[in-house]
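Undergrad: Encoded as C-alpha cells, here's the structure I'll be asking about.
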Ligand code: IYR
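Residue numbers (my numbering): 75 to 304.
Pasting the structure below:
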C-alpha cells in the first residue's frame, strides 16, 4: 500500500487570552448539556442531522478506517417498530430479571423504566453502528482497528454537535440491541452501539439535578511511578 501524499497543516493559532476565552466558552457550553428523556415532536430539518453526522465523522479512527455508519430515521412507522422492539427488550431487562438489583439501584435516582415513548415522539432517531470489519469493492473483508474507541469518539462529537446547534439527545442503549440491525436492514459487519433520539426537549422537560465530578476527582497531575513489584 502506497503512502498518502502529505499536505501542510496549519490550524488556527490564538493569543493565550483568546485561548482561555475560547476554552472557557466551550467548556461552559458543553457543561450545559444534559441527557433528555422528554422530547417535543417539533420537526427538525434534515440538514441539521446531516451536519451532526458529518461532525461525528470527523472523529479520529484506527488507521483512518472510519468504522461507523450513522442510520437516521424520521419515518413514523419505523420509529414505531423501534419503540415496540426496544420496549420489549427493556421490559425483560427491568422486570424480567435481566438487570441485577445493583444495576436497578444505580438507575433508580434517574427514574428510568422500560417505557420509551420518546422513541415515537422525536422527529429523528439516529443509530450509530460500529463496523467490526470493512467490506471492499470485491466483497472482501478488510480489518478495522480500535473500533470501540473510534465509534466512541465519533459518538462524543455527535452529541457535542447536537448540543452546539441547540438540539438534545439521549445516549440510549436498549439491551440487547440486535433488533435494530433487522429493522434498519444493516449488514452483518455492522453492530448497533448507541441509539440517539434527537429533537427539542418538551416544553415541560425536567432532568435530574445531577452533579459532575470535580476536576480533582477526574484528574491526576504529574503522578509518581508505582514502586517496582516483588
Ligand atoms: N437501557 C435501559 C437501562 C439504562 C441503563 C443505563 I447504564 C442508563 O444510564 C440508563 C438506562 C434504559 O434505557 O432504560
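Note that the Cβ used here is the ideal one computed from N, Cα and C, for glycine as well.
Going by C-alpha to C-alpha distance, which of 218, 164, 263 and 103 sits closest to residue 137?
TA: For this step, residue 137 is matched to residue 63 along the chain shown. Distances from the CA of residue 137 to each of 218, 164, 263 and 103 were compared; the closest alpha carbon is that of 218.
Undergrad: In whole angstroms, what separates the C-alpha of residue 287 from that of residue 105?
TA: Translated into positions along the chain shown, residue 287 becomes position 213. Translated into positions along the chain shown, residue 105 becomes position 31. Looking at the two C-alpha atoms, the distance is approximately 12 Å.
Undergrad: Given the structure, does residue 300 come close to the ligand SAH, in the sense that its CB is under 7 Å from one of the ligand's heavy atoms?
TA: Ligands displayed in this structure: the ligand IYR; the ligand SAH is not among them.
Undergrad: Taking only the alpha-carbon atoms, compute the straight-line gap between residue 129 and residue 144 and give it to the nearest angstrom.
TA: If you number the chain shown from 1, residue 129 lands on position 55. If you number the chain shown from 1, residue 144 lands on position 70. Residue 129 and residue 144: Cα-Cα distance of roughly 12 Å.
Undergrad: Between residue 225 and residue 267, which are expected to be in contact by the criterion C-beta below 8 Å, what is the C-beta distance as a whole number of angstroms?
TA: What you label residue 225 is simply residue 151 of the chain shown in a count that begins at 1. What you label residue 267 is simply residue 193 of the chain shown in a count that begins at 1. The Cβ separation is near 5 Å, so the contact holds.
Undergrad: At what residues does the beta strand (DSSP E) containing residue 169 begin and finish?
TA: Here residue 169 corresponds to residue number 95 of the chain shown, with the count starting at 1. Looking at the DSSP string, residue 169 is not in any beta strand (DSSP E); the run it does join, the alpha helix (DSSP H), is 150 to 169.
Undergrad: So, is residue 81 buried or exposed, given that buried needs 16 or more other C-beta atoms within 10 angstroms?
TA: Counting from 1 along the chain shown, the entry for residue 81 is found at position 7. The residue is exposed, with fewer than 16 neighbouring Cβ atoms inside 10 Å.
Undergrad: Residues in the same chain with beta-carbon distance under 7 Å from residue 159, minus the five sequence neighbours each way, listed in chain order, please.
TA: Here residue 159 corresponds to residue number 85 of the chain shown, with the count starting at 1. The residues are 253 and 257.
Undergrad: Using 8 Å as the threshold, is the C-beta distance between residue 204 and residue 142 below it?
TA: Along the chain shown, one-based indexing puts residue 204 at 130. Along the chain shown, one-based indexing puts residue 142 at 68. The answer is yes: Cβ separation under 8 Å.
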